[in-house]
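Please read the structure below before turning to the comments.
Written out as structure tokens, the structure reads:
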């Protein structure tokens, strides 16, 4: 692992408007005190017009950037099940979800800056050529200016770069990594990090050393600029507070990854 300490600005992002269990609008508002980008659910795995508009209004008031948190059409499974849908259908679904949030953000005096796939779709885009191509095609349909938030080394990131679509590489503060840079599947040992000191150490490593320690102890280089704090992680608000405070105390600047 490198001993370099130079740190570029870090973007803290969180998924909002999902309404899962105790993860309510009140929790969304609390998270907006600490993050710099809000990934707003826009109808695929969660979210409805009213929730989307409230999230957009709160993010605008907090001066927090917004991305569209697009997903498979899977409300029942919260977007965590792979769907083998056609490239054309996925392309159109992304257009509809992003377009809806764009209309709502305009009404609230703000805008969508990028697109972050959710759950099983995010994971599929790491290796699924057809679905990655569909998402990139949708971004091109939308004008090619919205950035794609993607995992380092993913097929989607490569395809977007080839098409001239801006890409923001992302790492996860509260998820375990395998030695190949993929996430430990939920439900397996080491999949979730909930200890505040561990999460802060992870984020500082991403900011300073540009990588993470995998569950087997190996060092995985990621080169990510944006760090996700999952809203449904136990104690998410307090984790976000601690991470923000720790980064500021370390002198690491914070700001949206997408201008």
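Numbering (my numbering), first residue to last: 829 to 1087. Beta carbons: idealized from backbone N, C-alpha and C, even for Gly.
Exercise for the section: Just confirm the distance between the C-beta atoms of residue 868 and residue 896, as a whole number of angstroms; I'd bet it's less than 8 angstroms. Expected result: Taking the chain shown and counting its residues from 1, the one referred to as residue 868 is at position 40. Taking the chain shown and counting its residues from 1, the one referred to as residue 896 is at position 68. Between residue 896 and residue 868 the Cβ distance is about 7 angstroms, and since that is below 8 angstroms, they are a contact.
Exercise for the section: My understanding is that residue 941 touches residue 1086, with C-beta atoms under 8 angstroms, so please give their C-beta distance in whole angstroms. Expected result: Counting from 1 along the chain shown, the entry for residue 941 is found at position 113. Counting from 1 along the chain shown, the entry for residue 1086 is found at position 258. Indeed, because the Cβ distance is near 4 angstroms, the residues count as touching under 8 angstroms.
Handout entry: Sequence-distant residues of its chain with Cβ nearer than 6 angstroms to residue 875 (five each side left out)
Key = The count along the chain shown starts at 1 and reaches residue 875 at position 47. Excluding positions up to five away in sequence, the list reads 845, 869.
Problem - Cβ distance (whole Å) where residue 840 is taken to contact residue 1082 below 8 angstroms - result: As a working note, residue 840 is residue 12 in the chain shown. As a working note, residue 1082 is residue 254 in the chain shown. At roughly 6 angstroms, the Cβ-Cβ gap stays under 8 angstroms, so residue 840 and residue 1082 are in contact.
Problem - Assigned secondary structure, residue 978 (DSSP; H/G/I helix, E/B strand, else coil) - result: Against the chain shown, residue 978 aligns to sequence position 150. Residue state, collapsed to three classes: strand.
Problem - Contiguous beta strand (DSSP E) assignments of at least 3 residues, all confined to the stretch 933-994 - result: 940-943, 975-978
Problem - Whole-angstrom distance between residue 1015 and residue 833, CA atom to CA atom - result: For the purposes of this step, residue 833 is taken as the residue at position 5 of the chain shown. For the purposes of this step, residue 1015 is taken as the residue at position 187 of the chain shown. For residue 833, the predicted model reports a pLDDT of 44, less than 50, meaning its position is unreliable; a value from the coordinates is still stated below. Between residue 833 and residue 1015, the C-alpha separation is close to 34 angstroms.
Problem - CB contact flag (residue 936, residue 978, <8 angstroms) - result: Your numbering for residue 936 matches position 108 in the chain shown. Your numbering for residue 978 matches position 150 in the chain shown. Against a cut-off of 8 angstroms, the Cβ pair of residue 978 and residue 936 comes out as no contact.
Practice task
Would you mind giving the Cβ-Cβ distance between residue 1019 and residue 1003, rounded to the nearest angstrom? I have them listed as a contact below 8 angstroms.
Solution key: One-based indexing of the chain shown puts residue 1019 at position 191. One-based indexing of the chain shown puts residue 1003 at position 175. The pair is a contact, with the Cβ atoms about 7 angstroms apart (cut-off 8 angstroms).
Practice task
Just mark residue 973 as buried or exposed, buried being the case when its beta carbon has 16 or more other beta carbons within 10 Å.
Solution key: For the purposes of this step, residue 973 is taken as residue 145 along the chain shown, with counting starting at 1. Looking at its Cβ environment, which holds fewer than 16 other Cβ atoms inside 10 Å, residue 973 is exposed.
Problem - residue 1000 to residue 894 span [Cα, whole Å] - result: Along the chain shown, read from residue 1 onward, the residue named residue 1000 stands at position 172. Along the chain shown, read from residue 1 onward, the residue named residue 894 stands at position 66. Going from the Cα of residue 1000 to the Cα of residue 894 covers about 18 angstroms.
Problem - Alpha-carbon spacing of residue 950 relative to residue 1077, whole angstroms - result: Looking up residue 950 in the chain shown gives position 122. Looking up residue 1077 in the chain shown gives position 249. The alpha-carbon of residue 950 is positioned some 32 angstroms away from that of residue 1077.
Problem - Terminal residues of the beta strand (DSSP E) in which residue 1054 lies - result: Here residue 1054 is taken as the residue at index 226 of the chain shown, counted from 1. Residue range 1054-1056 is occupied by the beta strand (DSSP E) that includes residue 1054.
Handout entry: Residues of its chain near residue 1027, where Cβ-Cβ distance is below 6 angstroms and the 5 sequence neighbours each way are ignored
Key = One-based indexing of the chain shown puts residue 1027 at position 199. Excluding sequence neighbours, residue 1027 sits near 1001, 1002, 1021, 1067.
Problem - From 975, 982, 968, residue whose alpha carbon lies closest to that of residue 953 - result: In the chain shown, counting from the first residue as 1, residue 953 sits at position 125. Residue 982 is the option with its Cα nearest to residue 953.
Handout entry: Simplified DSSP state of residue 908, which is helix, strand or coil
Key = Here the question's residue 908 lines up with position 80 in the chain shown. Under the three-state reduction of DSSP, residue 908 is assigned to coil, being neither helix nor strand.
Exercise for the section: To the nearest angstrom, report how far apart residue 849 and residue 930 are at their CA atoms. Expected result: Residue numbering aside, residue 849 sits at position 21 when the chain shown is read from its first letter. Residue numbering aside, residue 930 sits at position 102 when the chain shown is read from its first letter. For residue 849, the predicted structure reports a pLDDT of 42, less than 50, and the residue's modelled location is therefore unreliable. The matter cannot be settled from this model.
Practice task
Compute the Euclidean distance between the alpha carbons of residue 843 and residue 1006, then round it to the nearest angstrom.
Solution key: If you number the chain shown from 1, residue 843 lands on position 15. If you number the chain shown from 1, residue 1006 lands on position 178. For residue 843 and residue 1006, the distance between alpha carbons rounds to 23 angstroms.
Exercise for the section: In angstroms with no decimal places, state the Cα-to-Cα distance between residue 1008 and residue 946. Expected result: By one-based count along the chain shown, residue 1008 stands at place 180. By one-based count along the chain shown, residue 946 stands at place 118. Between residue 1008 and residue 946, the C-alpha separation is close to 21 angstroms.
Practice task
Let me know the secondary structure DSSP gives residue 879 once reduced to three states.
Solution key: Numbered from 1 along the chain shown, position 51 holds the residue referred to as residue 879. Of the three classes helix, strand and coil, the one that applies to residue 879 here is helix, per DSSP.
Practice task
Could you tell me if residue 985 is buried or exposed, where buried requires 16 or more neighbouring beta carbons within 10 angstroms of its beta carbon?
Solution key: Against the chain shown, residue 985 aligns to sequence position 157. Counting Cβ neighbours within 10 Å, residue 985 comes out buried, since at least 16 surround it.
Handout entry: With 16 other Cβ atoms within 10 Å as the buried cut-off, status of residue 831
Key = Position 3 of the chain shown holds residue 831. Residue confidence for residue 831 is low, a pLDDT of 38 falling below 50, so the modelled location carries little weight; the figure read from the coordinates is stated next. Classification of residue 831: exposed, given that the 10 Å Cβ count is below 16.
Handout entry: Burial state of residue 998 (16 or more Cβ within 10 Å)
Key = Within the chain shown, the letter at position 170 stands for residue 998. Taking a 10 Å sphere around the C-beta of residue 998, we find 16 or more other C-beta atoms and assign the residue as buried.
Practice task
Please determine, among 1084, 1073, 1069, the residue with the shortest C-alpha to C-alpha distance to residue 858.
Solution key: In the chain shown, the residue the question calls residue 858 occupies position 30. Comparing Cα positions, the closest option is 1069.
Exercise for the section: Reducing DSSP to helix, strand and coil, say where residue 1069 ends up. Expected result: To locate residue 1069, count along the chain shown from 1; it is residue 241. Looking at residue 1069 - three-state DSSP - the assignment turns out to be helix.
Problem - Local Cβ density within 10 Å of residue 899, reported as buried at 16 or more and exposed below that - result: By 1-based counting over the chain shown, the position of residue 899 is 71. In summary, residue 899 is buried, with 16 or more beta-carbon neighbours lying within 10 Å of its beta-carbon over all protein chains present.
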